[in-house]
Amino acid sequence: MYKNIKAAVVGSINMDIILSAQKLPEVGENVLGTTYGYSHGGKGANQATALVRLGANVKMIGKVATDDNGKALVENLKSNGIDASGVATDGSATGLAAILIDGEGRNRIIVYEGANAEIVPQTAVDSISDDISLLLVQFETNEEAVISTVNYAVQKGITVVVDCGPAKNFALEKMQGATILSPNESETKALTGVLPEDENSILEASKILFERSKAKYIVLKLGERGCSVWDGEKLTLLPAYKSNVVDTTAAGDCFTAAMALEYVRTGDVYSSCNLGNKAGAIAVSRIGAAESMPNVEEIRLFA
Ligand code: RIB
1007 MYKNIKAAVV GSINMDIILS AQKLPEVGEN VLGTTYGYSH GGKGANQATA
1057 LVRLGANVKM IGKVATDDNG KALVENLKSN GIDASGVATD GSATGLAAIL
1107 IDGEGRNRII VYEGANAEIV PQTAVDSISD DISLLLVQFE TNEEAVISTV
1157 NYAVQKGITV VVDCGPAKNF ALEKMQGATI LSPNESETKA LTGVLPEDEN
1207 SILEASKILF ERSKAKYIVL KLGERGCSVW DGEKLTLLPA YKSNVVDTTA
1257 AGDCFTAAMA LEYVRTGDVY SSCNLGNKAG AIAVSRIGAA ESMPNVEEIR
1307 LFA
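Sequential numbering from 1007 applies to the sequence shown in my numbering.
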């Protein structure tokens, strides 16, 4: 379905350490955990994995170090069929994320950016070949790399999808005209000052983002409420699918990748968001980041 689509992801590559506990500790409190494990993560690598599992041809552009985590992460990208030739290995330390999951599957994440923040903007731009039809970026690398690659791809007529995670007030004005700009609830608050908690605030935040970014569509990821689309004239809410939630980590990455790929295939943002909702619902029913991404058949059989 997506095998003719060639995508590039400029983004983060992290080793995730995941610890779960029924109740997460308060300040100064010590609690016993129930499980722990390591997972291949980073918003960029998760989105690249989601794209390749759905059948696209994917090039990862980023940076790690030559430490054990860096080697394992690059090997994992390759074993998933991702072209890792755009991943530089001369970073100071590979990115690391500590992910705490509570009994309801909700997470809290601390990310040490390391090499992710050291991507050289021009090198990243030079890694975007002419046959790319989709560029996916997030905010977990340095701002200059995101701005340079987005502006380059927009000017080349490539479909550009910007996932606005993690939450920060990014300089959207320096990166104009992406195809889809997609923050979650906390990222929307960080970018606009407005928490999208009801239809009025969803509309207000979407309008601010539309004005600041000049993106064609604003897609807010609203967690268990699904997502919204603002096209400059009309607000559409698309409800989430029911799921047995065990770990919400990387569900947004999964949503963004599936939505982006379907948009390149169809040009229809609404059906693309619906597919993203299905993919996200599958991801939250599994533990882990990149490992929780579904394939096309799993999405087809869902709901
Ligand atoms: O979006 C989930 C990701 O955020 C995790 O894999 C972790 O690495 C952090 O970057």
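For each residue, glycine too, the CB sits at the ideal point set by N, CA and C.
Which value, in whole angstroms, describes the spacing of the CA atoms of residue i and residue j?
i	j	result
D1108	T1040	10 Å
E1119	V1037	27 Å
S1277	G1087	27 Å
G1111	P1245	20 Å
V1152	N1063	21 Å
D1073	A1099	7 Å
A1184	V1015	14 Å
G1163	L1142	14 Å
R1218	N1175	11 Å
L1187	A1173	13 Å
E1150	K1180	9 Å
L1106	I1115	6 Å
K1009	L1267	10 Å
I1024	P1031	15 Å
V1200	I1224	14 Å
V1070	L1215	31 Å
L1307	G1282	14 Å
S1207	T1198	10 Å
G1047	A1130	20 Å
D1096	A1263	27 Å
G1294	L1083	15 Å
S1085	D1259	20 Å
D1132	E1035	48 Å
L1060	D1022	22 Å
N1280	I1288	13 Å
V1093	M1066	6 Å
N1113	R1292	13 Å
E1210	P1189	14 Å
A1078	G1068	15 Å
G1273	E1205	25 Å
N1157	W1236	22 Å
L1243	S1234	4 Å
K1284	I1125	32 Å
V1033	F1145	28 Å
V1058	F1261	14 Å
Under the DSSP definition of a beta bridge, which residues are partnered with residue i?
i	result
G1068	V1093
T1223	At residue 1223 the sequence reads Tyr, which differs from the Thr that was named. According to DSSP, which records beta bridges pairwise, Y1223 is partnered with I1186.
A1014	K1065, L1141
T1254	For T1254, which the question treats as bridged, DSSP gives no partner whatsoever.
L1025	Y1042, L1106
V1167	L1142, I1186
N1206	Partner(s): none; N1206 has no beta bridge.
N985	As displayed, the chain neither begins before 1007 nor continues past 1309, which places residue 985 out of reach and without an answer.
N1020	G1047, G1101
Determine whether the beta carbon atoms of residue i and residue j lie at a separation below 8 Å.
i	j	result
G1171	K1049	yes
A1051	S1018	yes
A1123	N1020	no
D1136	Q1053	no
M1007	V1302	yes
L1241	S1212	yes
M1265	A1056	no
T975	I1138	Look at the range of the chain in this structure, 1007 to 1309, and you will see that residue 975 is not part of it.
E1191	G1229	yes
A1257	G1286	yes
G1312	V1080	Past the boundaries of the shown model lies residue 1312; the chain is included only from 1007 to 1309, so the question cannot be answered.
S1026	E1297	no
V1290	S1249	yes
V1167	L1140	yes
K1222	Q1182	no
T1194	L1226	yes
Y1247	A1196	no
> Which whole runs of the alpha helix (DSSP H) in the region 1090-1164 are 4 residues long or more, in chain order?
Replying inline: 1127-1132, 1149-1162
> Where are the alpha helix (DSSP H) runs, 4 residues long or more, that stay fully inside the region 1029-1060, in chain order?
Replying inline: 1049-1059
>> As an exercise, report each continuous alpha helix (DSSP H) stretch of at least 4 residues that is fully enclosed by the region 1233-1299, in chain order.
In response: 1257-1272, 1275-1289
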